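Engineer:
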Amino acid sequence: MATVSIETQLTNDSAEATVIPAPGRPWTADDLLALDDDHQYELLEGVLYQMSPASPYHSRYEMRLLLAI
992 MATVSIETQL
1002 TNDSAEATVI
1012 PAPGRPWTAD
1022 DLLALDDDHQ
1032 YELLEGVLYQ
1042 MSPASPYHSR
1052 YEMRLLLAI
């Protein structure tokens, strides 16, 4: 079993999600398919969020985790 130690304090507070207003009715599959493919989205409790891009820190630690597995 591998363990990973991350010793750098993450202080990047710029990671935010943008709330996408509902189209005045529940989201449909067609609504979701019409969204821009260049972004990632999360649907949480009926609210659609456009996620901020991953930071360089995120990518670095993601790679460390993948290599440790």
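Heads up: the sequence shown begins at 992 in our numbering, then just goes up one per residue. Note that the Cβ used here is the ideal one computed from N, Cα and C, for glycine as well. Here the structure is a predicted model, which means the values were calculated and not measured.
(1) Buried or exposed, going by whether 16 or more other CB atoms sit within 10 Å of the CB of E1053?
(2) For M1042 and L1058, I'd like the C-alpha separation in whole angstroms.
(3) If I'm right that Y1048 touches A1008 with Cβ under 8 Å, what's the distance once you round it to whole angstroms?
(4) Please state whether the Cβ-Cβ distance between W1018 and L1035 is less than 8 Å.
(5) Does E1036 come out as helix, strand or coil in the three-state DSSP assignment?
Structural biologist: Per the coordinate set shown:
(1) Classification for E1053: exposed.
(2) Their Cα atoms are separated by approximately 25 Å.
(3) 17 Å between Cβ atoms; not a contact.
(4) No, they are not a contact pair.
(5) Residue state, collapsed to three classes: coil.
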